[in-house]
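For reference, the structure discussed in these notes is given below.
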Amino acid sequence: MGNRGMEDLIPLVNKMQDAFSAIGQNSQLDLPQIAVVGGQSAGKSSVLENFVGKDFLPRGSGIVTRRPLVLQLINCPTEYAEFLHCKGKKFTDFDEVRGEIEAETDRITGQNKGISPVPINLRVYSPHVLNLTLVDLPGMTKVPVGDQPADIEQQIRDMLYQFVTKDNCLLLAVSPANSDLANSDALKIAKEVDPQGQRTIGVITKLDLMDEGTDAREILENKLLPLRRGYIGVVNRSQKDIDGKKDITAAMAAERKFFLTHPGYRHLAERMGTPYLQKTLNQQLTNHIRDTLPGLRAKLQSQLLSIEKEVEEYKNFRPDDPSRKTKALLQMVQQFSVDFEKRIEGSGDQIDTAELSGGARINRIFHERFPFELVKMEFNEKELRKEISYAIKNIHGIRTGLFTPDMAFETIVKRQIGKIKEPCQKCVDMVISELVNTVRQCTQKVNTHGGEQHYGKSFFFTLCTVSPPPPDLSLSLLFHLPFSLSSLFFFAPYLFLSFSVWPSCITLYWHGKHMLTLPKQGK
């Protein structure tokens, strides 16, 4: 393959990426790409903006990147940008590009800092860029803000794993030089999914912000935490430079001067900086596409044969033949039932290795999120002691009792059960949401293969449009779900074993009113 052919590889993969995104199958094929990972404020946005030479990414505190951004850079004489969801519209003002990214993010995730794995596809044409495709992923975070769920860290990690666990995905791990590299979020993720460092490219930012007398020379020389593809250092604009509207061209000139004059980096100057990073990524992605192309072609051919075979089967389903229509409908309902059961029970023949799904997500709700909600509940030990004492004395009245009355135990327990109603209700709502999502996933096959055309709108609408259940359903499930579904039966023990008040009440009941002990946290 000649040089011209090599240059066409990245645009070719871009077209495939857009095609799969348009039909909602972007995660089904392991396309060669580069995923950008890093913690919040690691400098990911500045690195990408330096590539383009424009300020076009949203900025702010907290999680700014809340959906994957597939950034396709294309070398072209004219400068403009296009979004896949805004076909035919060219953006020449990059402030408008930023606004459209924010608006499109909010359209899917809302304005409460939520996240979504649905990507935004952006193409930037410019004479100042090399052909390159990068997937900018949300930065790792540990503390939820706004209306974010308590497990936002796990949600972001799950999203990252959808991309970085794929063998054809290179990792651009961005880490700031002014913090301990051993604590780098990006390198931690890279170590988990790429323990040999075969797919990881290290980028060290904020070299100019290190303490006086220190440098990152050992890291950049690939001696500390070595990676097969090595490290490249860059110097981005500071927040002061951004606020002062410092030109990116001037910033890159300052970056070049920094490496040429710094005593610790001048011998590495030719292999440092944003232009060298962009050139290296272009070469590595091109070579990576070339190496993975045979396997990718074989997989596409295999999928094509499978789909063609399935299409042939659908040709026999004639809408004007009632018997065939009824038989096809029953087959689809039966297949839907089998698919749903497999997703819940985890016995499917295709195991998802990128993220939790189906029954595993429900299991996590019971074992992680529900206990977390219980732990968050405030428990006043002194107040409970007082309530117990008053209950016993009020039941005995004028008499002095020798034994603890059952009614005292029942009264206190009923009050405490009322306190766990809200977290239980929340848990049931989350489980219902996961069940609804599972139903939607099971109906994707109907949607993909034209179920509406062959089997009528009513059946298609019933399966594919699953509305949220009414409030009274959630309330009834709170009491009946653990006993009606064997796979969810372990819900009940959490109601009794995880709440911290039971040990105190039981101790009181068996040992009498003078044997009060401190409550013990349920495990």
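Counting with my numbering, you get residues 8 to 530 for the letters of the sequence shown. Built from N, CA and C at the ideal position, the CB exists for glycine as well.
Selected residue, minimal CA-CA separation from residue i, among the options
| i | options | result |
| --- | --- | --- |
| Ile57 | Ala260, His403, Leu312 and Leu91 | The question names Ile, but residue 57 is Asn in the sequence shown. Looking at the Cα atoms, Ala260 is the closest of the given residues. |
| Asn185 | Ile226, Leu336 and Val340 | Ile226 |
| Thr418 | Ser344, His403 and Glu394 | Glu394 |
| Ile70 | Tyr272, Glu86 and Asp143 | Asp143 |
| Phe416 | Ile427, Glu429, Ala398 and Gly425 | Ala398 |
| Val443 | Thr99, Gly365 and Lys389 | Gly365 |
| Leu214 | Pro270, Ile405 and Gly404 | Pro270 |
| Lys252 | Gly45, Gly106, Ala29 and Gly60 | Gly60 |
| Leu179 | Pro301, Arg297, Phe379 and Leu55 | Leu55 |
| Val435 | Lys383, Phe377 and Leu409 | Phe377 |
| Met437 | Ile211, Lys400, Ile196 and Ile372 | Ile372 |
| Ile211 | Gly280, Phe265 and Lys149 | Gly280 |
| Pro156 | Ile439, Val420, Phe379 and Glu388 | Phe379 |
| Asp218 | Lys286, Leu76 and Asp187 | Asp187 |
| Gly45 | Ile405, Ile196 and Asn138 | Ile196 |
| His92 | Arg114, Pro84 and Leu300 | Arg114 |
Rounded separation between residue i and residue j - CA only
| i | j | result |
| --- | --- | --- |
| Leu381 | His374 | 11 Å |
| Asp7 | Glu103 | Only positions 8 to 530 of the chain appear in the structure, and residue 7 is not among them; the question remains open. |
| Val20 | Arg244 | 31 Å |
| Val508 | Asn370 | Only weak support is given to the placement of Val508: the predicted model assigns it a pLDDT of 36, under 50, and the value that follows is read from those uncertain coordinates. Using only the alpha carbons, I get a separation of about 24 Å. |
| Gly240 | Lys433 | 47 Å |
| Gln290 | Arg206 | 14 Å |
| Thr407 | Glu385 | 33 Å |
| Tyr168 | Asp254 | 35 Å |
| Lys94 | Leu129 | 11 Å |
| Val267 | Ala276 | Strictly speaking, residue 267 in this sequence is Leu, with Val absent from that position. Going from the Cα of Leu267 to the Cα of Ala276 covers about 6 Å. |
| Ala49 | Asp248 | 16 Å |
| Asp158 | Gln47 | 17 Å |
| Pro476 | Arg368 | Note that Pro476 has pLDDT 46, beneath the 50 cutoff, so the model's placement of it is unreliable and the number below is only indicative. Computed Cα separation, rounded: 19 Å. |
| Phe467 | Leu311 | Because Phe467 sits at a pLDDT of 44, beneath the cut-off of 50, its placement in the model cannot be relied upon, and the point is left open. |
| Pro39 | Thr333 | 43 Å |
| Arg73 | Met414 | 53 Å |
| Val345 | Pro233 | 48 Å |
| Gly353 | Leu363 | 10 Å |
| Met307 | Phe90 | It should be noted that the sequence gives Leu, not Met, for residue 307. Between Leu307 and Phe90, the C-alpha separation is close to 26 Å. |
| Ala193 | Ala335 | 49 Å |
| Lys316 | Gln451 | 18 Å |
| Glu319 | Ser313 | 10 Å |
| Arg66 | Phe101 | 14 Å |
| Leu347 | Asp165 | In the sequence as presented, Leu is not what sits at residue 347; that position holds Phe. If I take the Cα positions, the gap works out to 22 Å. |
| Gln246 | Glu262 | 15 Å |
| Leu391 | Lys383 | 17 Å |
| Leu337 | Pro329 | 12 Å |
| Phe27 | Arg235 | 31 Å |
Outcome for residue i when other beta-carbon atoms lying within 10 angstroms are tallied against a minimum of 16
| i | result |
| --- | --- |
| Ser53 | buried |
| Leu216 | exposed |
| Ser133 | buried |
| Gly146 | buried |
| Gly209 | buried |
| Pro430 | buried |
| Gly425 | exposed |
| Asp298 | exposed |
| His274 | exposed |
| Lys64 | Note on residue identity: the sequence assigns Leu, not Lys, to residue 64. Buried, because 16 or more other Cβ atoms sit within 10 Å of the Cβ of Leu64. |
| Tyr238 | buried |
| Phe163 | Note that residue 163 is Ile in the sequence shown, not Phe. With 16 or more other Cβ atoms within 10 Å, it is buried. |
| Phe410 | exposed |
| Ile296 | buried |
| Tyr321 | exposed |
| Gln341 | exposed |
| Ser309 | exposed |
| Val181 | buried |
| Thr256 | exposed |
| Leu480 | Unreliable placement is indicated for Leu480, whose pLDDT of 44 sits below 50; the coordinate value is still reported in the next sentence. Under this definition Leu480 is an exposed residue. |
| Ser493 | Confidence is the limiting factor: at Ser493 the pLDDT is only 36, short of 50, which leaves the residue's position unreliable, though a coordinate-based value still follows. Result: exposed. |
| Ala258 | buried |
| Pro183 | buried |
Rounded distance between the beta-carbons of residue j and residue i, thought under 8 Å
| i | j | result |
| --- | --- | --- |
| Leu78 | Thr116 | Going by Cβ atoms, the distance from Leu78 to Thr116 rounds to 19 Å, so no, they are not a contact pair. |
| Ile122 | Glu111 | At roughly 14 Å, the Cβ-Cβ gap does not stay under 8 Å, so Ile122 and Glu111 are not in contact. |
| Thr445 | Arg304 | Contact flag wrong, Cβ pair sits at about 33 Å. |
| Phe343 | Cys449 | 5 Å |
| Pro18 | Ile108 | Actually they are not in contact, since the Cβ atoms of Pro18 and Ile108 sit about 22 Å apart, beyond 8 Å. |
| Phe170 | Ala29 | That pair is no contact at about 19 Å. |
| Pro412 | Ile402 | 5 Å |
| Asp37 | Lys198 | In fact, because the Cβ distance is near 21 Å, the residues do not count as touching under 8 Å. |
| Pro202 | Pro124 | Not confirmed; about 24 Å, so no contact. |
| Ala88 | Val131 | 5 Å |
| Leu16 | Thr293 | 5 Å |
Which residue spans inside the region 370 to 428 form an unbroken alpha helix (DSSP H) run of at least 4? 377 to 383, 388 to 403 and 413 to 426
Which ranges does the beta strand (DSSP E) cover as unbroken runs of at least 3 residues, wholly within the region 71 to 153, from first to last along the chain? The region 71 to 153 contains these whole beta strand (DSSP E) runs: 76 to 82, 87 to 90, 127 to 133 and 139 to 143.
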